[in-house]
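Down below is the structure, laid out as structure tokens.
Residue numbers (our numbering), protein chains in the order written: chain C, 1 to 475; chain S, 1001 to 1171.
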């Protein structure tokens, strides 16, 4: 898969991983964070083994359905048993460790190990062990039930697991990120469901490059130049004003975007077409009644990119895409992406949604391949400074907008504040003891609470704008 | 889509496998040489280009996750993008090498011909080579002066896209 870095980082081990210089307002991350095998092992042990991880969405499974996934390198079976309960079993026979389920998905009440024909109910209990008389007693046989993850909890349909009992309740871990997940469920009265068709792809880059990229509004215009051109030609005025980035605690972060695209069935733009304009007005009236004006505004009028530490990205944009990161090696990450859509959606809207989302996100879209190019080019480029005698060169710079840090002011989406929040959390979580300060940090202020955007948000204004197209012109 | 097809009138003339092979081989040559404008001219107006995800089975493009589900607007945007120096994922362009075999004419309905073929595309970039095996399931419009894509569909025979195997080029 990925060849080891040609420059061992042992000499660099003494250099601090994350440095924040409050005199020069400079924030720097040591590049071994992206390539060092020992740090990768530390991440597995101290992050992936100790934190809630996103596994999948409950709507992916009808009773007896299963999906095979890998989290933190551990093969898992994500299933809903015949009684309707969700499980995440280790995909490994308790007998001798054979991978039990060698299909990637399916539907079955049983999991059977081909090696010695042990069989298990999808509740985890032993169904059959051939020639059981050779074992001590029934109790011993029963003890051979399928091994499950330590914890599994569901929030608004999003299923998380932990490999240790020593985690806070999921909702505490999510903190303020939870409300942005709830907003997704509130978009449509019938709720949301994951559609078939998983984009499963690998990238030759460290997983943290994918996190940075998602929280990086600065790259949007240069990296996605051709996509921005496409949006502009279709009549959408792309801009970065009134867009902000927030740290939500526990390593989670959020971009609130208003200038990068509309939102299907909630915020119309010309490329969605005239029929969608009418449907949007109807749906906004329904949202106003169901959620009230302020909440409907929050749910409908802003796009969100939400990162839930360490492996979940929610792209709540024109449509909704779920992306899960699975680090395979320091320079290799597997990505799974799913589309989340309203249940029972009008087929015409569903068709528009799929075209619009796939056109942007995913490894065959008009935008994501350029992001992947960026991760992969960084991963190759950082070899240039590995092991250089001038140790200060082997750092990446994330200083944009650092004057806002610790002041309680919100940072712009085109600055790097959300990335800094991520790295501060990461360096503590991975056992690096926290960032190294140069100079005196400002007195700690609470992180700013996300504010709604300045978009017009009275229903009358929105409907009037929809009729005249003024709202689009105003952007 | 049929309204747009009037730009190129359909025909019920007989089409041989050799003609379809020549069409697919010429298309592969255009793509390997990044002659994207000429490639786009192989489509009827309103044509589509699809690549389902590796687990999608027969899920229609409108109902599930896809790698590519371009309608005519998106297809033209994709070609425009690929011709730009700012399509970073394809600048410099991938080196591609296509082989097309097992060509079959699977169905004929008036001026429309359904064809199946196997492909193997090798793509080199950034010091790595990725292989993309799969099959084509195209719907072609038969005209008096050649064939045109109504639907150009590439179905991967892979379990996943391997690291580095992003579909920034035309598969």
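We put the beta carbon where it would ideally sit given N, CA and C, even for glycine. These numbers come from a predicted model, not from an experiment.
9 Å Cβ cutoff, residue i in contact with chain S
i                     : result
residue 376 (chain C) : yes
residue 201 (chain C) : yes
residue 369 (chain C) : yes
residue 317 (chain C) : no
residue 337 (chain C) : yes
residue 373 (chain C) : yes
residue 332 (chain C) : yes
residue 271 (chain C) : yes
residue 279 (chain C) : no
residue 74 (chain C)  : no
residue 380 (chain C) : yes
Proximity test, residue i beta-carbon vs the ligand MN heavy atom, cut-off 8 Å
i                    : result
residue 87 (chain C) : With respect to the ligand MN, the structure offers nothing, as it holds no ligand at all.
Under 9 Å between C-beta atoms of residue i and residue j
i                      : j                      : result
residue 81 (chain C)   : residue 121 (chain C)  : yes
residue 264 (chain C)  : residue 318 (chain C)  : yes
residue 105 (chain C)  : residue 68 (chain C)   : yes
residue 35 (chain C)   : residue 296 (chain C)  : no
residue 476 (chain C)  : residue 154 (chain C)  : Residue numbering for chain C in the displayed model covers 1 to 475; residue 476 (chain C) lies beyond these limits and cannot be assessed.
residue 480 (chain C)  : residue 41 (chain C)   : For residue 480 (chain C) there is no data in the structure shown, the boundaries of chain C being 1 and 475.
residue 133 (chain C)  : residue 157 (chain C)  : no
residue 254 (chain C)  : residue 306 (chain C)  : yes
residue 1051 (chain S) : residue 1079 (chain S) : no
residue 1163 (chain S) : residue 204 (chain C)  : yes
residue 1077 (chain S) : residue 230 (chain C)  : yes
residue 1125 (chain S) : residue 1084 (chain S) : no
residue 259 (chain C)  : residue 238 (chain C)  : yes
First and last residue of the uninterrupted alpha helix (DSSP H) at residue i
i                      : result
residue 282 (chain C)  : 274-291
residue 173 (chain C)  : 170-174
residue 180 (chain C)  : 177-185
residue 1168 (chain S) : Note, residue 1168 (chain S): premise wrong, no alpha helix (DSSP H); not H, not E.
residue 223 (chain C)  : 220-223
residue 153 (chain C)  : Element bounds for residue 153 (chain C): not the alpha helix (DSSP H) but the beta strand (DSSP E), 151-155.
residue 353 (chain C)  : 347-360
residue 140 (chain C)  : 138-142
Opposing strand residues paired with residue i [DSSP bridges]
i                      : result
residue 305 (chain C)  : C:255, C:315
residue 1152 (chain S) : S:1049
residue 325 (chain C)  : C:335
residue 1118 (chain S) : S:1101, S:1135
residue 1109 (chain S) : S:1112
residue 1063 (chain S) : Answer is none; residue 1063 (chain S) lacks a bridge partner.
residue 246 (chain C)  : C:254
residue 437 (chain C)  : C:20
residue 107 (chain C)  : C:65
The beta strand (DSSP E) enclosing residue i, as first and last residue numbers
i                     : result
residue 67 (chain C)  : 65-71
residue 379 (chain C) : From DSSP, residue 379 (chain C) is part of no beta strand (DSSP E) but of the alpha helix (DSSP H) over 368-381.
residue 397 (chain C) : 395-397
residue 54 (chain C)  : 53-57
residue 192 (chain C) : 192-194
CB contact check: residue i to chain C, cutoff 9 Å
i                      : result
residue 1040 (chain S) : no
residue 1137 (chain S) : no
residue 1074 (chain S) : yes
residue 1045 (chain S) : no
residue 1097 (chain S) : no
residue 1131 (chain S) : no
residue 1126 (chain S) : yes
residue 1108 (chain S) : no
residue 1093 (chain S) : no
residue 1089 (chain S) : yes
Chain-ordered chain A contacts of residue i [CB-CB under 7 Å]
i                      : result
residue 1084 (chain S) : Of the chains in the structure shown, none is chain A; the protein chains are C and S.
Against chain C, which members of the stretch 1051-1072 of chain S pass a CB distance test of less than 7 Å?
Those residues of the stretch 1051-1072 of chain S placed with their C-beta closer than 7 Å to a C-beta in chain C are 1051, 1052, 1053, 1054, 1055, 1056, 1059, 1061, 1062, 1063, 1064, 1065, 1066, 1067, 1068, 1069, 1071, ordered along the chain.
Residues of the stretch 342-367 of chain C whose Cβ lies closer than 7 Å to any Cβ of chain S, in chain order
Residues passing the 7 Å Cβ filter: 347, 350, 351, 354, 355, 358, 359, 362, 363, 364, 366.
Contact set between the stretch 95-124 of chain C and chain S, restricted to residues whose Cβ is under 9 Å from the partner:
Taking a C-beta cut-off of 9 Å against chain S, the contacting residues of the stretch 95-124 of chain C are 104, 105, listed in chain order.
Looking at chain C, which residues of the stretch 1151-1166 of chain S have a Cβ within less than 8 Å of any of its Cβ atoms?
The residues in question are 1159, 1160, 1161, 1162, 1163, 1164, 1165, 1166.
Anything in the stretch 188-218 of chain C with a Cβ closer than 8 Å to a Cβ of chain S? List those residues in chain order, please.
Per Cβ criterion, the list reads 195, 196, 197, 198, 199, 200, 201, 202, 203, 204.
Using a Cβ-Cβ cutoff of 7 Å, what residues of the stretch 219-244 of chain C are near chain S? List them in chain order.
Of all residues in the stretch 219-244 of chain C, those with a C-beta nearer than 7 Å to a C-beta of chain S are 223, 225, 226, 230, reading in chain order.
Contacting positions in the stretch 1112-1126 of chain S - beta carbon closer than 7 Å to chain C
Listed by position, the residues of the stretch 1112-1126 of chain S near chain C (Cβ gap below 7 Å) are 1126.
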